[in-house]
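The sequence shown begins at 38 in my numbering and counts up one residue at a time.
The C-beta atom is built at its ideal place from N, Cα and C for all residues, glycine as well.
Below is one structure, written out as structure tokens; comments come after it.
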Amino acid sequence: MTRILEGGFEADCSDLIFAGKCRVVIDVDDAYTLLGITFKAESDIESTTSTLLNQQTLTNFGTYGQVQTDFLTAFGRLWNNGLGAYMKQLWTEYCDLYISFSGYSMGACLAQMAAVRFQEEQWWPADQMFYFGYGAPRCGNEDFAYYVDTSLADKFNIVWFNDAIPNYPDSTCTFGSAAAMGQCTNSYFSCCTTIHYTSWSSVALNTYSTCTSNTCPVATGTASDHYTYFETTAADVDSLTCTDTKKFP
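Structural data, given as structure tokens:
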């Protein structure tokens, strides 16, 4: 059962790869110009591994390519039991807002799916929407990645140090250019522009690079890098959003 929260929704996804709650928080900045839609990471992010992701299979996301099977189920539970209707209501009242989709780990894949669904519904136009994903695994095939890229004005996947999770599930696709339709339809592909952080300080300049192939290979992965983005910890991942929280009146 999915239930509405104060500013968000959650669903029981304990039978899926999430192994707990699927969650999304909806908030708006103080100036009422930016609507933040933040999909939370899996409940036990420390247990997310390449082995777990490689066990997933692809399934159709309507006519918008294919995504991991458990991601489709999780997104459907959130969307069909309140999230979709709530966003339609917000569209009728706040169509002039900019939309920030974001997500951490598996939540980033749900954020990508939401962006594509918004375009299907013809709600906010692409030039009013952008996306930031943190530690996102590969969510779907190349057709899906193409639809993500074309649904958003700006789209970035952030990779933290030696986090190897963004390079899984394994793929037989050829990387090196942006996603295109009808190319690699039976394996996983990465959407968006990928930014790889190799150093960071809250008081100094950061070092990062833009990966030209939409993926940033990591020679030797460090498990803890997946749940310590920007000095977060596994314990406080659940509290993260991308705007200053303000509820709709």
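Helix, strand or coil at residue i [DSSP, three-state]
i      : result
LYS125 : helix
LYS283 : In this prediction, LYS283 scores a pLDDT of 40, lower than 50, which makes its location untrustworthy; the coordinate-derived value is nonetheless stated afterwards. Looking at LYS283 - three-state DSSP - the assignment turns out to be coil, as it is neither helix nor strand.
ILE136 : strand
ASP26  : Outside the shown range of the chain (38 to 286) lies residue 26, about which nothing can therefore be said.
CYS59  : strand
GLY170 : strand
SER224 : coil
GLU43  : Residue placement at GLU43 is flagged as unreliable, the pLDDT there being 46, under the threshold of 50; a coordinate-derived value is accordingly withheld.
CYS253 : coil
GLN105 : strand
PHE181 : helix
TYR245 : strand
ASN194 : strand
ASP64  : strand
SER236 : strand
Closest Cα partner of residue i within the set the options
i      : options                           : result
ALA173 : GLU79, THR211, TYR135 and MET166  : GLU79
CYS146 : THR88, PHE112, ALA272 and ASN204  : PHE112
LEU134 : THR222, TYR69 and ILE54           : TYR69
PHE76  : SER238, PHE167, GLY144 and TRP128 : GLY144
TYR266 : THR94, HIS233, PRO254 and GLU47   : HIS233
ALA215 : THR235, SER238, ASN199 and TYR184 : TYR184
ILE136 : THR235, SER142 and TRP160         : TRP160
CYS248 : LEU242, THR231, THR187 and ILE54  : THR231
ASN243 : PHE212, THR211, PHE198 and SER142 : PHE198
THR235 : CYS229, PRO254, ARG60 and GLU158  : PRO254
ASP66  : LEU95, ILE54 and TYR131           : TYR131
LEU115 : GLY213, CYS59 and ALA241          : CYS59
SER239 : SER188, THR94, THR269 and ALA260  : THR269
Short Cβ contact (8 Å threshold) for residue i with residue j
i      : j      : result
VAL196 : PRO206 : no
GLY57  : ASP81  : yes
GLY102 : PHE181 : yes
SER87  : ALA201 : yes
ALA163 : ALA190 : yes
TYR141 : TYR168 : no
GLU179 : CYS229 : no
THR252 : PHE212 : yes
Beta-carbon contacts of residue i that lie in its chain and below 8 Å, excluding the five residues immediately before and after
i      : result
SER208 : ARG175, CYS221, SER224, TYR225 and PHE226
ILE41  : In this prediction, ILE41 scores a pLDDT of 39, lower than 50, which makes its location untrustworthy; the coordinate-derived value is nonetheless stated afterwards. Counting only Cβ-Cβ distances below 8 Å, and skipping sequence neighbours, we find GLY119 and TYR123.
ASP52  : none
ALA217 : GLU179 and TYR183
Same chain, Cβ closer than 6 Å to residue i, five either side skipped, listed in chain order
i      : result
GLY177 : GLY102, GLN103 and VAL104
SER47  : Checking the sequence shown, residue 47 turns out to be Glu, not Ser. So the list reads LYS58 and ARG60, once near-sequence residues are dropped.
HIS263 : GLY172, ASP200 and ILE202
Residues near residue i in its chain [Cβ-Cβ closer than 7 Å; skip 5 each side]
i      : result
LEU109 : THR96 and PHE98
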